[in-house]
Amino acid sequence: MLRARARGFSEIVTLVGNMGSVSVGAVLIIKGEWQTDRKFGKQFAVREYEETLPATVHGIEKYLGSGLIKGVGPKFASLIVKTFGADTLNIIEETPDRLNEVPGIGQKRVEMIKEAWQEHKEIKNIMLFLQDHDVGTALAFKVFNEFGTESINIVKENPFRLTGITGIGFKTADTVARKMGFDKESEYRCKSGLVFVLNDCSNDGHCYMRRSDLIKKAAVMLEIGEALLDNAINEMLLLHDLILEPPDRIYVPPLFFCENGSAVRLKAILSGGFDVIDTEDIISAAEELSGVEYDGIQKDAIRIAAKSKIMILTGGPGTGKTTTVKGIIEVFRRAYKKILLAAPTGRAAKRLNEATGMEAKTIHRLLEAKPPASYQRNEDNKLDGDVLIIDESSMIDIVLMYNLLKAVPDEMTVIFVGDADQLPSVGPGNILCDMIESGAIPVVKLTHIFRQAMDSRIIMNAHCVNRGEFPDLSNKDNTDFFFVAQQDDAALPQTIVDLCIKRLPSHFKVKPSDIQVLCPMQRGENGVISLNNLLQTAISKSKKAIRRGGTEYRLGDKVMQVKNNYNKEVWNGDIGRIVSVDEEDRIINVSFDNALPVPYEASELDELVLAYAITVHKAQGSEYDIVVLPLTTQHYMMLQRNLLYTAITRAKKAVVIVGSKKAVRIAVKSNQVVQRNTGFAERLRT
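Note that numbering that gives the first Met the number 0 has the sequence shown beginning at 0, numbered continuously upward.
Below, the structure written as structure tokens:
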């Protein structure tokens, strides 16, 4: 949403739509339609726009000072315009070295301005090219970030390469292709469409599609005959662009090799040699040392871990997984084994470190991830250790699993720990459940809820939900589980803001930013995007900020990384806080888990989103003191038992469900979990 002055209008006009990084002071020619929003009133929905250069000295200063050009903030914009006046933009374009005449600017900043101005011109060229092919200009920034100065040539040669860019679907690429004259039934369009359907399917967690399903779905999307697609698949199989596993499973090659390779590696580790450890005396000593008495299943888990090459330890909250892991560690420690601890996310690794007192790393850091998307620990440079214990294993997807197992020596013992009833990984595969289902790996499931855990209604309600029983929503005294009834979906967002700003901070003596809102969905008035905007407005009062696209990043904001960045060593799902904002150079610094701040230039801010509210899926592997969960029938498509169970188990001190009991009931009863297409369990069995 942007605010602008429009010729012929006395009042400020509100513009809505995806408008990339429009800068303050920019002059726009826009096309679209008027609409009336029930909350915000009259708005102009922008369908496309063209940016022109400002003509007035004041406009030029605003334009340059908006952060459009790296190295120029309000201070230097004022100095440059004061020096060159109305000729400023012509001088930057034609004789940029004259910028050295500006007092205090320095040669380094001049070079930054020259480079950034050239980049800006390239983006404008891409904008014009895409606009000519009926594509919104906001996509130009994504295209430029992916392909650089070769963007136009690459798109002309193969417009379907656009589908590899996050946020650009096949329909957009197809629009460009058709505008450029690509035939509807062209072989290239068929093949690109098939790959897109398979990749889109992997976004739902699947590793493969059945041939008939792939053809039917692609035929509908492409609006062409199935015979053409059948022929295209045959050609792609011959060229190894696709892989067929009889009788009818079609894989994209990377997922086939990851799934098959993971099974091969697990079998090799299972058959590797190991030392037999006598556990009985160690278990007794560990109990005496810790003051904990293990129950029968926990002792069995420790014994099985000591005599197995691979083991799975699973169980719900309050069943003693952490205590059992500490017992397993003690056994191997007393046997003088080198133990490595890891987890998929930074927060999960930190929790494992706090629980055991030992160093725990993310899997990416354990594997020594280095750009571009490679790992220093691999089949040629194995991990150095005797035992590897991995927590939150349900979060591991098939690609990460394969990269991990390649680095595991055959002689190493591997113990997977996790809750199989939680949501599966965001990426393709269903690793933990598939390993359990295969029967090829010893599994110990902890079921006994310990007495101290029974005092927590978070834990007891989580188990109720997992059994398909309606949870206790009675709001008793001294409870850690609350239900706030709100039948009016339109009023629910403000209820959540009031809880996060006033009621919960007052009751629990915490900061509003320490409360985590978890949502079933991204979109909608009760979804992540809408609630983040409301919570940011209510919580963050800092004037120091940088705007990128439709988001303002303010000092103190809670943000989340949404893609793996190997250079910064920050991973998808990491949550941090903005600790400094340099408005002049357009750089913010983010601290993740109190580590050293990580710098982000304005052009990199699409890797960050506000995180006052996040999806339940993104919360996997993390724990928060207080969780607020909006749950309404608006979320019907996402109301599943494992989603509600996962959300509840993210909280340590309190859970607050806001919404309707009907929505809670729907979620508890909905246990029709979509079966993911994976062949991993079968590969382990054969």
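Ideal Cβ positions, reconstructed from N, Cα and C, are used throughout, including at glycine.
Look at residue 297 here: in three-state DSSP terms it is helix. At a cut-off of 3 residues, the continuous stretches assigned as beta strand (DSSP E) that sit fully inside the region 561-628 are 574-581, 586-591, 597-600, 607-609, 612-614.
Under the three-state reduction of DSSP, residue 258 is assigned to helix. Shown here, residue 56 sits in a helix according to DSSP, grouped into three states. Per DSSP, the continuous beta strand (DSSP E) segment holding residue 313 begins and ends at 309-314. Taking C-beta atoms under 8 Å as the contact rule, residue 677 and residue 659 fail to qualify, at a distance of about 35 Å. Annotation for residue 35: the continuous beta strand (DSSP E) segment containing it runs 26-36. Only residues of its own chain outside the window of five on either side were considered, and among them 239, 240, 241, 242 have a CB closer than 8 Å to the CB of residue 252, listed in chain order.
For residue 669, same chain residues with a beta-carbon under 8 Å away, outside a window of 5 residues either side, are 638, 639, 640 in chain order. With respect to the 8 Å criterion, residue 314 and residue 479 are not classified as neighbours on the basis of their beta carbons. The Cβ atoms of residue 422 and residue 645 sit closer than 8 Å to each other.
Contact annotation: residue 310 and residue 301 have beta-carbon atoms that are not nearer than 8 Å. Looking at the DSSP output, residue 550 bridges to 547. Residues 492, 496 of the same chain have their beta carbon placed closer than 7 Å to that of residue 533, with the five preceding and five following residues left out of the count. In the DSSP assignment, residue 499 falls outside any beta strand (DSSP E) and carries neither an H nor an E. For residue 601 and residue 505, the gap between their C-alpha atoms comes out near 36 Å.
Judged by DSSP secondary structure, residue 342 falls within the beta strand (DSSP E) whose first and last residues are 338-342. Assignment of residue 289 by DSSP, reduced to helix, strand and coil, places it in the helix class. Put simply, the backbone Cα of residue 397 is about 6 Å away from that of residue 427. Under the three-state reduction of DSSP output, residue 535 falls in the helix class. Inter-segment contact for the region 186-206 and the region 408-417 is absent: fewer than three beta-carbon pairs are separated by less than 8 Å. A direct Cα-Cα distance of roughly 23 Å separates residue 681 from residue 391. Residue burial annotation: residue 102 is exposed, with fewer than 16 other C-beta atoms found within 10 angstroms of its C-beta.
No Cβ-Cβ contact shorter than 8 Å links residue 594 with residue 625.
Straight-line measurement puts the Cα of residue 368 at about 4 Å from the Cα of residue 374. One thing to note: residue 612 has its Cβ within 8 Å of the Cβ of residue 518. When beta bridges are read from the DSSP output, residue 374 appears opposite 368. In the structure shown, residue 434 adopts helical secondary structure according to DSSP, grouped into three states.
If only uninterrupted alpha helix (DSSP H) runs of at least 4 residues are considered, those enclosed by the region 62-103 are 73-83, 87-93. Taking 3 residues as the shortest admissible run, the region 394-449 contains the following complete beta strand (DSSP E) segments, listed from N- to C-terminal end: 412-417, 442-445.
Around the Cβ of residue 445, a 10 Å sphere holds 16 or more other Cβ atoms; the residue is buried.
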